[in-house]
Every structure is written in structure tokens, then in C-alpha cells.
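Undergrad: Numbering (the working numbering), first residue to last: 26 to 247.
We treat Cβ as the ideally placed atom computed from N, Cα and C, and that holds for glycine.
(1) Can you tell me whether DSSP reads residue 84 as helix, strand or coil?
(2) When the Cα atoms are used, what is the spatial distance from residue 100 to residue 72?
(3) On the DSSP letters alone, give me the boundaries of the alpha helix (DSSP H) that residue 194 sits inside.
(4) In its own chain, which residues sit with a C-beta less than 7 Å from the C-beta of residue 255, not counting the 5 before and 5 after it?
(5) If we call anything under 8 Å between Cβ atoms a contact, is residue 135 one with residue 173?
(6) With 16 other CB atoms within 10 Å as the buried threshold, where does residue 241 fall?
(7) From 112, 158, 39, 106, pick the residue whose C-alpha is nearest to that of residue 128; which is it?
(8) Using a Cβ-Cβ cut-off of 7 Å (strictly less than) and excluding sequence neighbours within five positions of residue 190, which residues of its own chain qualify?
(9) I need the straight-line Cα distance from residue 98 to residue 244, nearest angstrom please.
(10) Excluding the 5 residues preceding and the 5 following residue 202 in the sequence, name in chain order all residues of the same chain whose CB lies nearer than 7 Å to its CB.
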């Protein structure tokens with residue numbers, strides 16, 4: 026399968042470490058240009074710099090919002106989203122309010138996502154639902170709320186929870202959102218085999234910090 030798909034076009038090349046330096050983010054962007062990844066995924070303070078480096082490359086800039094907890098107020102999330110979009114972010118990976126979802130406060134969760142979508146302008150919003158904390162029923166409910174709120178993607182994980190992406194959760198999410206909404210698998214994906222398994226299950230975006238190793242394993246070193 027690695028030979029029949031453009032694997033790089035699925036990958037969000039990611040560095041969300043709290044210790045990430047400007048030099049490291051610059052290297053991330055250079056690598057993304059070299060491999061033609063779908064995007065770089067960075068913290069919001071690097072949105073402007075990443076956009077400048079990637080100008081004209083076709084590589085998008087994805088910025089995380091209320092990462093990794095999702096427990097800020099809705100207005101705080103919206104402000105951060107607006108700032109990131111103004112800084113050039115093409116995509117916003119926001120963490121939903123997981124506690125509210127588990128409490129059954131569906132209207133609040135939906136409005137929380139919708140407010141970020143509205144603040145994002147033309148930037149696509151990925152709703153991170155952190156599947157490791159949820160039952161199958163809650164995963165499906167979170168996906169449907171995200172779709173109703175206008176999110177362009179649902180995403181499995183922050184990568185900082187006790188577990189990351191699982192094939193069965195990706196398959197469940199794809200079934201919940203249908204063919205038109207994106208599904209991003211992230212968290213713990215470190216090999217080509219794992220990435221391809223997520224794609225086969227229905228993911229059309231892979232978030233990983235092991236992008237270069239995956240491409241080399243796939244025979245896509247440039």
C-alpha cells in the first residue's frame with residue numbers, strides 16, 4: 026500500500042514540545058517542504074514564523090488551540106483561534122471540553138466547538154476528542170457534535186494522554202462522520218505500518234513527530 030498512495034500528503038509533521046525552539050521549528054518547516062507533507066503542526070507562538078518559511082510550498086500551517094487540556098473557557102479558545110488564524114494558520118487543532126462531554130453537556134460542547142469554528146474564519150478546525158478517555162458511545166457522540174458545529178476534521182488524540190490513536194477508534198470515527206469529514210489519527214504513530222493501518226481504517230491525516238522515520242521506512246527518503 027505504501028507504493029500506491031502519496032503517504033507524505035497524509036502527514037502533519039509535528040513538534041508540540043514545550044521545549045521546542047525557533048531553530049527546531051525552522052527545521053521542521055524545512056523538512057516539511059522537502060518531503061511535501063500536508064502540514065506542520067506547531068504551537069501558536071510559531072504560526073507567523075512557520076507561515077513565512079512555508080510560503081509558496083503548498084505545506085499548510087496547523088496550530089493547536091487550548092492544547093492539551095481543552096478546559097479553557099470558550100471565549101479564551103475563540104481568542105486563541107482568532108490570533109492563530111490572523112497569524113497565518115491554515116488549520117486549527119482544538120481540544121474539545123472532554124469533561125463536559127463525559128457529563129453529557131452536549132449543547133455546551135457543540136457551542137464550544139462552533140465558537141472556535143466561527144473565530145477561525147477560513148481556517149479548517151480539527152476537533153481533538155482524546156479517545157483514550159472516552160467510551161465508544163462518547164466517541165461517536167463527540168464526532169457528531171463536532172460535525173454539527175462545523176469542524177472539518179475529528180482527531181483522535183493530543184498525544185499527551187495515557188494512550189494515543191487506535192485503529193478501532195479511527196474506524197468508529199470514520200463511520201460516525203461519514204465520507205465528507207476529515208479524520209486525523211495522532212498519538213503514538215511511529216512506524217510506516219502503523220500509519221498505513223490508520224489510513225486503511227479511514228484516517229485521511231496522520232499526526233506524528235516520527236514523520237521522517239516513517240517516510241524512510243516507506244522508501245520515500247529524498
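TA: Well, looking at it:
(1) coil
(2) 20 Å
(3) 192-202
(4) This structure does not reach residue 255, given that the chain is present from 26 up to 247, and the question cannot be answered.
(5) yes
(6) exposed
(7) 158
(8) 181, 182, 210, 211, 212, 213, 214, 223
(9) 44 Å
(10) 168, 172, 179, 208
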